[in-house]
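**Q**
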Amino acid sequence: MVESLPLYGTRFYQNPLRDGAGKVHTNPDPYVLKFQGRYYCYATDYHGIKVSVSRNLVQWDSLGYAVQEEGRKNYWAPCVVFNGGKFYLYYSNTPVEAPETQNEWLRMAVGSKPEGPFRYEKTLFKKFSVDAEVVKDKESNYYLFYSTLDVTDSALENTGSSILVDRLPSFDEVAGEPQAVVLPTLEEEMLDWVSVEEAQDWSIVEGATYAEHHEKAYLIYSANIYASENYYIGYALADKDGPIHQLKWEKYPNNYTYYPLVKASQHVEGTGHTALIKAPNNVDFWLFYHGQETGGTWSPEEDHRTLRMDRLFFDGDALMTYAPSANEQPAPGLPDLQEFFEGETKLVVESGEHTVLDKGWLTAKTPFIALYDKEYQYYHLELDLTAKPANLGSKDGAVIAYRSEHDYTSVYLRNGTSVLAVEQVKNGIHSILATFPLKDFDATVNQHLEVLRRFADYELYLNGVYIGRVLLDEQPARVGICSGYTTTVFHYFAVTETIDLFGLQMRLIGNFFSSDVPVLVNTLNQLASFRKDPVTLTTELKKNYQYSLTYTLPNEESKVICRLQLGAEKIDIHLEPTRITIPELQLQHSFPLAKNDKSAATFIVVDQMIILLFKNETYQFPIPSGQDDISCQFILKKAALDAWELVKLVQPNGK
């Protein structure tokens with residue numbers, strides 16, 4: 003297993019992460035929040051919760067302390083959420099005179115800015131309680147994951163900390179219906195010490211991080227003790243078949259097998275306590291965690307746990323990472339357009355007036371449109387905006403498909419009627435195609451709008467909540483920002499050329515592949531071939547794109563062959579349930595049988611090579627000089643294609 007990715011592109015980073023002056027800071031128990039395009043990292047410290055900021059996830063500049071309280075110490079494991087113009091910070095600490103960390107109680111503080119200052123509001127539990135993870139679902143319900151010591155009731159076989167979940171009816175109120183989700187079950191979770199209850203085998207499972215991908219939910223956790231070199235990261239899986247607090251979790255690959263996602267290496271130890279955030283391109287997942295150099299020491303007075311990150315991949319339903327990396331690595335992906343509305347811009351103003359603020363554009367009370375000069379058929383768009391208070395209401399949002407001044411479609415947030423409206427202009431005639439009601443909508447606080455376009459299908463999200471979808475036409479079109487007779491501040495705008503086909507969206511797979519024989523997307527939303535004769539799917543891989551293929555191999559006879567045409571040479575890559583074989587390179591690697599029959603392969607195509615990422619290994623195939631697009635065939639032998647994802651790799655000059 004390799005511990006780093008091959009270098010490609012022009013932007014790189016190296017763990018541990020640094021500030022603008024190249025200095026490394028201690029940042030234990032990181033939590034990362036994205037707000038208006040900037041990332042804020044909150045971390046544990048004796049004196050308060052530390053906070054730093056970044057635009058690219060690589061360079062982190064300190065902003066000091068987000069919260070400090072007189073007479074308190076040992077501020078642990080923060081989590082921050084934004085809602086309705088306020089930031090809610092969850093953390094634990096103890097009185098200065100408290101002799102032990104058993105007095106760490108989960109607390110909540112409130113602030114008006116992501117960097118703070120936050121003001122203490124309430125203690126949620128009057129018992130040991132740490133490691134908050136607040137999760138918002140697609141219906142705008144909130145849930146709290148946290149860790150306590152009392153779930154196992156001092157049982158002899160698994161005494162220690164566990165992870166629970168409960169509903170959050172309000173940000174300062176827990177429903178009081180805790181459900182245990184991850185309990186100690188492994189020897190590697192145990193500590194060789196005597197607890198305050200004098201249990202001989204004390205275990206720790208803590209630090210929950212929640213994520214979703216396709217049909218699965220993931221709970222990444224840390225185990226053992228943070229001061230040990232054996233602190234490690236594992237994860238549990240659940241089917242997304244109900245409310246978050248009712249999901250049924252199982253450790254991967256099962257509750258009784260040690261299979262760490264991240265553990266100590268020859269360079270780094272004590273790896274743990276994670277945060278998960280998407281790169282600026284809104285596609286790639288990045289795992290943040292702390293660790294220290296091998297052989298280091300730890301104490302409350304001398305903490306060497308530093309901030310680190312590595313990319314996280316989905317291998318079918320499983321997770322995969324090359325962490326903990328110690329060498330230089332490719333940096334997190336950027337969007338095609340990333341506009342902070344400061345200085346130079348790639349947006350072209352088509353109509354209306356605006357003023358450039360310190361952070362943002364302020365539009366005048368005239369119809370305003372600014373566009374990016376590139377056409378898309380699929381993309382991920384995000385926009386942060388705030389309307390100024392006005393008696394006449396507000397109307398602002400994003401242009402989602404612009405072909406000419408006589409033919410374009412926009413989505414508007416309308417404060418007066420509390421709706422998201424889809425408005426089309428055709429030859430001077432304005433029509434409302436759809437409206438979606440918005441609960442408790444306040445346009446005068448930051449609104450985070452997202453649009454996912456897949457050809458004619460447009461999915462709409464506001465503040466992380468699914469709003470609805472509309473069907474337009476499939477023609478390429480430009481995107482931009484807009485307002486109508488409204489004074490609006492635009493804070494951040496980004497667009498990435500990407501598409502993720504999974505589930506019902508697999509019906510669009512014919513836009514990327516051709517088949518040598520008729521083949522059906524079945525009722526399981528798979529492009530499947532379980533017949534005797536194989537099916538050959540042909541596509542082209544373009545340079546500076548990344549492609550991910552998820553497939554099912556249901557039995558030992560199943561196989562996917564990836565055939566790359568590199569100049570005059572054909573390279574066949576045989577993907578089987580337990581091994582990969584590349585005959586032209588006389589190479590074969592075997593792997594343990596996965597928990598299920600799904601796997602994934604990721605192809606990164608850059609100027610001079612194709613990089614294949616598969617089962618924690620990497621393979622490189624040089625591209626002959628002068629060859630642009632690469633013909634590629636996927637031959638399904640009693641196999642099925644479950645998902646297809648691509649994203650454009652944006653590599654500006656310089657790091």
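Residue numbers (our numbering): 3 to 657. Just so you know, even glycine gets a beta-carbon here, dropped at the ideal spot from N, CA and C. All figures in this text were calculated on a predicted structure; none of them were measured in a lab.
Is alanine 603 close to chain D? Criterion is C-beta to C-beta, closer than 8 angstroms.
**A** The displayed structure is made up of one protein chain only, and chain D is not part of it.
**Q** Among Phe616, Asn85, Gly628, whose alpha-carbon lies nearest the alpha-carbon of glutamate 5?
**A** Closest by C-alpha distance to glutamate 5, out of Phe616, Asn85, Gly628, is Phe616.
**Q** When you compare only the Cα positions, how much space is there between aspartate 502 and glutamine 528?
**A** 14 angstroms
**Q** Below 8 angstroms on the Cβ atoms is my guess for proline 332 versus glycine 11; work out the distance and round it to an integer in Å.
**A** 5 angstroms
**Q** Smallest Cα separation from valine 176: which of Asn429, Met192, Lys124, Leu9?
**A** Of the listed residues, the one whose Cα sits closest to valine 176 is Lys124.
**Q** According to DSSP, simplified to helix, strand and coil, what is isoleucine 469?
**A** strand
**Q** Specify, as a first and last residue, the run of the beta strand (DSSP E) that threonine 323 falls within.
**A** 320-323
**Q** Taking the DSSP output, what are the residues bridged to tryptophan 62?
**A** Beta-bridge partners of tryptophan 62 (DSSP): none assigned.
**Q** According to DSSP, is isoleucine 227 part of a helix, a strand, or is it coil?
**A** Correct three-state label for isoleucine 227: coil.
**Q** Start and end of the beta strand (DSSP E) containing isoleucine 235?
**A** Isoleucine 235 -> beta strand (DSSP E) spans 234-241.
**Q** Do you know whose CA, among Leu309, Ala240, Tyr233, Pro579, lies nearest tyrosine 260's CA?
**A** Selected option, being the one with the closest Cα: Tyr233.
**Q** Report all residues from its chain with a CB closer than 7 angstroms to the CB of alanine 277; omit the five preceding and five following residues, and keep chain order.
**A** Same-chain partners within the cutoff: Pro32, Tyr33, Val34, Thr211, Phe290.
**Q** Going by beta-carbon coordinates alone, are tyrosine 380 and arginine 455 separated by less than 8 angstroms?
**A** yes
**Q** Please go through the same chain and pick out, in chain order, the residues whose beta-carbon is closer than 6 angstroms to the beta-carbon of lysine 640, but skip the five residues on each side of it.
**A** Non-local C-beta neighbours of lysine 640 in its own chain, meaning closer than 6 angstroms and more than five positions away in sequence, comprise Phe532, Glu559, Ser560, ordered along the chain.
**Q** Any idea which residues DSSP pairs threonine 259 with across the strands?
**A** According to DSSP, which records beta bridges pairwise, threonine 259 is partnered with nothing at all.
**Q** Would you kindly check if the distance between the Cβ of valine 350 and the Cβ of aspartate 375 is under 8 angstroms?
**A** A contact, by the Cβ cut-off of 8 angstroms.
**Q** For leucine 166 and aspartate 444, what's the separation of their Cα atoms in angstroms?
**A** Looking at the two C-alpha atoms, the distance is approximately 33 angstroms.
**Q** Does DSSP put glycine 512 in a helix, in a strand, or in coil?
**A** helix
**Q** Drop a sphere of 10 angstroms on the beta-carbon of glutamate 199, count the other beta-carbons inside from all chains shown, and report buried for 16 or more, exposed for fewer.
**A** Summary for glutamate 199: the model assigns pLDDT 46, below 50, so the residue's position carries little reliability; its value from the coordinates is reported in the next sentence. Per the 10 Å Cβ criterion, exposed.
**Q** Which value, in whole angstroms, describes the spacing of the CA atoms of aspartate 317 and asparagine 618?
**A** 9 angstroms
**Q** So if DSSP puts isoleucine 402 in a beta bridge, which residue, or which two residues, is it bridged to?
**A** Paired residue(s): none; isoleucine 402 is not in a bridge.
**Q** Just list the beta strand (DSSP E) runs in the segment 283-315, keeping only unbroken ones of 3 residues or longer that don't cross its boundaries, in chain order.
**A** 287-295
**Q** Taking the alpha-carbon positions, what's the aspartate 644 to threonine 538 distance?
**A** 15 angstroms
**Q** Tell me the DSSP secondary structure of glutamine 248 in three-state form.
**A** helix
**Q** Taking the beta carbon of arginine 313 as the centre, do at least 16 other beta carbons fall within 10 Å, making it buried, or is it exposed?
**A** buried
**Q** Enumerate in chain order the residues of its own chain whose CB-to-CB distance from glutamate 578 is below 6 angstroms, with the five nearest sequence positions on each side excluded.
**A** Lys561
**Q** Can you tell me which of the three DSSP states leucine 359 falls into?
**A** strand
**Q** Rounding to the nearest angstrom, what Cα-Cα distance links isoleucine 573 and proline 520 in this structure?
**A** 25 angstroms
**Q** Quick one: what does DSSP say leucine 587 is sitting in, helix, strand or coil?
**A** helix
**Q** Hey, out of Asp243, Asp47, Glu231, Gly354, whose CA is closest to glycine 297's CA?
**A** Glu231
**Q** Taking the alpha carbon of valine 358 as the point to measure from, which residue in Phe343, Glu352, Leu59, Ile371 has its own alpha carbon closest?
**A** Phe343
**Q** Applying the 10 Å Cβ sphere with the 16-neighbour rule, what's the burial state of glutamine 610?
**A** exposed
**Q** Report the rounded CA-to-CA distance for glycine 66 versus phenylalanine 457, giving the unit in angstroms.
**A** 45 angstroms
**Q** DSSP state of phenylalanine 492, grouped into three classes?
**A** strand
**Q** Do arginine 109 and tyrosine 90 come within 8 angstroms of each other at the CB atom, strictly closer than that value?
**A** No, they are not a contact pair.
**Q** Nearest to threonine 489 by alpha carbon, out of Tyr237, Thr365, Leu568?
**A** Thr365
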